[in-house]
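Only one structure is covered here, and it is reproduced in the block below.
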Amino acid sequence: MSDLIKKSASELAALIARKEVSSREVTQAHLDQISQTDSLIHAFLHVDSEGALTQAEMADKNQNSTKSPLHGVPLALKDVLAQKGIPTTCGSKILEGWRPPYDATVVTKLKDAGVVILGKTNMDEFAMGSSTENSAYGPTRNPWDTDRIPGGSGGGSAAALAAFQAPLAIGTDTGGSIRQPAAVTGTVGVKPTYGGVSRYGLVAFSSSLDQAGPCARTVLDTALLHQVIAGHDPKDATSINAPVPDVVAAAQRADVKGMKIGVVKELSGEGYEKGVAERFAESLAILESQGAEIIEVSCPNFTFALGAYYLIAPSEASSNLARFDAMRYGLRIGDDGTKSAEEVMSLTRDAGFGDEVKRRIILGTYALSAGYYDAFYGSAQKVRTLITRDFAAAYSKVDVLVSPTTPTVAFKIGEKSNDPVAMYLSDVATIPVNLAGVASMSLPAGLSDGLPVGFQIIAPAMKDDRLYLVGGALERELSAKWNGPLTHQIPDLVLR
Amino acid sequence: MARISRDEVARIAALARITLREEELGDLAGQIDVILDAVAVVQEAAGADVPAMSHPLEITNVTRPDVIVPSLTPDEALSGAPASEESRFRVPQILGEEA
Chain A
1 MSDLIKKSAS ELAALIARKE VSSREVTQAH LDQISQTDSL IHAFLHVDSE GALTQAEMAD
61 KNQNSTKSPL HGVPLALKDV LAQKGIPTTC GSKILEGWRP PYDATVVTKL KDAGVVILGK
121 TNMDEFAMGS STENSAYGPT RNPWDTDRIP GGSGGGSAAA LAAFQAPLAI GTDTGGSIRQ
181 PAAVTGTVGV KPTYGGVSRY GLVAFSSSLD QAGPCARTVL DTALLHQVIA GHDPKDATSI
241 NAPVPDVVAA AQRADVKGMK IGVVKELSGE GYEKGVAERF AESLAILESQ GAEIIEVSCP
301 NFTFALGAYY LIAPSEASSN LARFDAMRYG LRIGDDGTKS AEEVMSLTRD AGFGDEVKRR
361 IILGTYALSA GYYDAFYGSA QKVRTLITRD FAAAYSKVDV LVSPTTPTVA FKIGEKSNDP
421 VAMYLSDVAT IPVNLAGVAS MSLPAGLSDG LPVGFQIIAP AMKDDRLYLV GGALERELSA
481 KWNGPLTHQI PDLVLR
Chain B
497 MARISRDEVA RIAALARITL REEELGDLAG QIDVILDAVA VVQEAAGADV PAMSHPLEIT
557 NVTRPDVIVP SLTPDEALSG APASEESRFR VPQILGEEA
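Okay, structure coming up:
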């Protein structure tokens, strides 16, 4: 195993900039790690070795052409973002073999910054899930314990970081799909403010909730990637036309002195494992010792968030996924010359969608149908207002809110796959954030019985820099205690 | 009490253009029931005076200058098509034979 793969993205970028190592060597080291470990981990759905090495050579040649702080550094891209000419499946059979004719804006920004894209990472089909078990191409395994899930839907991106297959990754977060995988793999993930990062080229699941964001093993690396991908995009009408908060400066300052940190009362107690609660309390004590004031805050309507989410997200999904109609791209089944377009469409959608996707389309279609709209979708939209008001009231008293990211550590593969409601509970602490469109980070707080625990920070919209002030301060103290990032404690992978 | 019957799942699936198999219909009816029970709590949360919220951003009518910019070529647009003919998507018949 090369030493290069254990380095942070910022260390690698500095080595590349000083020409002490080439982007090609760094990229090759990560490709080697992928080929040695991915038969077990299955973080990637597609590895673009040739394309990555070409990009790396370009980066070496154009050393001085970008002022990018991540020039020449490799990255793993969640398979829900379009990359021109590269298979993009969203973990679904219905898109098997599809190669987008264009780049997502996030991908364009990565390429412009000289970032090398290694390949596309595994995910729950159309980002619907909390374990990556809903991928049509088989589950991803958690590098901390390969019998366990790496979280979802972005389990592939998180596992790639934890298995040292990539120092950077892109995820997307509709109800926790960046933060929950970060929590259970001991990595860092940020869901930026809704509208902070362009959704152009992100295959839509629930358009009013979806947000792409940065993932890495350190807070500073996450900030550097956040800076690269964020900003206004005229191609996304919901993209915010305002300056990106200076997240890199915040990660470097990493200071909580005088900050008021609110602990969300409703995101604790029953259902939260003892080890999770302990690591959370220890992290709070650190922040307090660093000069933050810790205040308990109540957000009473958060108890309705899960219910609202599982009506709003499936409703929007049932509409968004109507585009998979077997006509313009993707799978087409049963077109034998005797069947109508509608029959072909219906047969294709049965064959191409997996169980969870069908479940959510049926649920969403039901919630939007005449006679049920007000009772379900309408009520959920009102809850969204109440939750947004809870956040506003809380932020009149505190600068950020905090909670454990997930109630439990990583569960075993198969443990919850037959119980949708138990699976949905994995996201109980992350979902309120998406409903209100605010910004949030998960970073490692330590281990419980050898498995990572995540600490969640929630900042007001467009105050993403506060995530990095708090996350950076907490990480500094914890990594001093651990002698490096938590991921350095991962047991060696036992290849089968 | 069951909120949704097997027949109703079949009707919804037809609206959603998914031909569900027999065993899927039965499984889904039970599962959707359990999920609806779990989410029904939202019905008690808010009074009539609370406005609905569809989106986190308060923006309307985002426009751009009406200028021509490069777009996909016909070949690029058709590159993922299951079938194409004469620079168009070829689809199964949409209207009945007699039309």
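So the sequence lines, in the order shown, correspond to chains A and B.
For the first sequence, our numbering assigns the number 1 to the initial residue and increments by one for each residue that follows.
For the second sequence, our numbering assigns the number 497 to the initial residue and increments by one for each residue that follows.
Don't be surprised by glycine CBs; every beta carbon is placed ideally from N, CA and C.
Note that the coordinates shown come from a computational prediction; the quantities given were computed from them, not determined experimentally.
At a cut-off of 7 Å between C-beta atoms, glutamate 572 of chain B counts as an interface residue with respect to chain A.
Look at glycine 195 of chain A: its C-beta is under 7 Å from a C-beta on chain B.
Between alanine 473 of chain A and chain B, the shortest Cβ-Cβ separation is not below 7 Å. Every beta strand (DSSP E) of 3 residues or more that sits fully in the segment 51–111 of chain A is shown, in chain order, as 74–78. Each residue's CA atom was taken as its position, placing isoleucine 117 of chain A and alanine 82 of chain A some 12 Å apart. One finds nothing in chain B with a Cβ atom closer than 9 Å to the Cβ of serine 177 of chain A; even the nearest lies about 17 Å away. Counting the other Cβ atoms within 10 Å of the Cβ of isoleucine 508 of chain B gives 16 or more, which makes it buried. When C-beta distances to chain B are compared with 8 Å, the residues of the segment 369–389 of chain A below that value are Ser369, Ala375, Phe376, Gly378, Ser379, Ala380, Gln381, Lys382, Val383, Arg384, Thr385, Leu386 and Thr388, in chain order.
The straight-line gap separating the alpha-carbon atoms of isoleucine 16 of chain A and threonine 348 of chain A is approximately 48 Å. A check of alpha carbon separations from proline 167 of chain A across A:Gly175, A:Gly189 and A:Arg148 identifies A:Gly189 as the nearest.
For glycine 446 of chain A, the pairing in a beta bridge is given by DSSP as A:Val453. With contacts defined as CB atoms closer than 7 Å, alanine 429 of chain A and serine 448 of chain A fail to qualify as a contacting pair. Among the residues facing chain A, threonine 515 of chain B is included, as its CB has a counterpart in that chain under 7 Å away.
Three or more beta-carbon pairs separated by less than 8 Å are not found between the segment 61–70 of chain A and the segment 292–306 of chain A, which leaves the two stretches without contact. Valine 357 of chain A sits away from methionine 58 of chain A, with the two beta carbons spaced by 7 Å or more.
For phenylalanine 304 of chain A, a Cβ of chain B is located within less than 7 Å of the residue's own Cβ. The beta carbon of aspartate 246 of chain A is closer than 7 Å to those of Asp465 in its chain, skipping five residues each way along the sequence.
Using a 10 angstroms sphere on the CB of lysine 412 of chain A, the tally of other CB atoms stays under 16, which defines it as exposed. Boundaries of the beta strand (DSSP E) harbouring serine 403 of chain A: 400–404, taken from the DSSP string. Aspartate 145 of chain A and threonine 487 of chain A have their C-alpha atoms roughly 13 Å apart.
In this structure the segment 567–585 of chain B touches the segment 101–120 of chain A; the number of beta carbon pairs closer than 8 Å is three or more. Proximity of chain B to threonine 365 of chain A at the Cβ level (cut-off 7 Å) is accounted for by Ile508, Leu511 and Ala512, in chain order.
Leucine 386 of chain A and alanine 542 of chain B have their C-alpha atoms some 8 Å from each other.
Under the Cβ distance rule, alanine 308 of chain A counts among the residues neighbouring chain B, one pair being separated by less than 7 Å. The distance from the Cβ of aspartate 124 of chain A to that of serine 153 of chain A is about 4 Å, consistent with a contact at the 8 Å cut-off. Every alpha helix (DSSP H) of 4 residues or more that sits fully in the segment 363–434 of chain A is shown, in chain order, as 379–395 and 420–424. Check the Cα spacing between methionine 259 of chain A and each of A:Ser289, A:His232 and A:Glu293: the tightest is with A:Glu293. Per the DSSP secondary-structure output, glycine 119 of chain A pairs in a beta bridge with A:Val47 and A:Ala76.
For the C-beta of proline 547 of chain B, the chain A residues within less than 9 Å are, from N- to C-terminus, Gln381, Lys382 and Thr385. C-alpha of methionine 462 of chain A to C-alpha of aspartate 221 of chain A: approximately 19 Å in a straight line. Boundaries of the alpha helix (DSSP H) harbouring leucine 284 of chain A: 274–289, taken from the DSSP string.
Taking each of A:Ala223, A:Ile286 and A:Leu368 in turn and checking the Cα distance to serine 318 of chain A, the smallest one comes out for A:Leu368. Cα atoms of glutamate 96 of chain A and glycine 522 of chain B: separation of roughly 28 Å, rounded to the nearest angstrom.
Look at proline 547 of chain B here: in three-state DSSP terms it is coil, with no helix or strand label.
Judged by their CB atoms, glycine 138 of chain A and alanine 43 of chain A are not nearer to each other than the 7 Å cut-off.
For glycine 262 of chain A, the secondary structure class from DSSP, reduced to helix, strand or coil, is strand.
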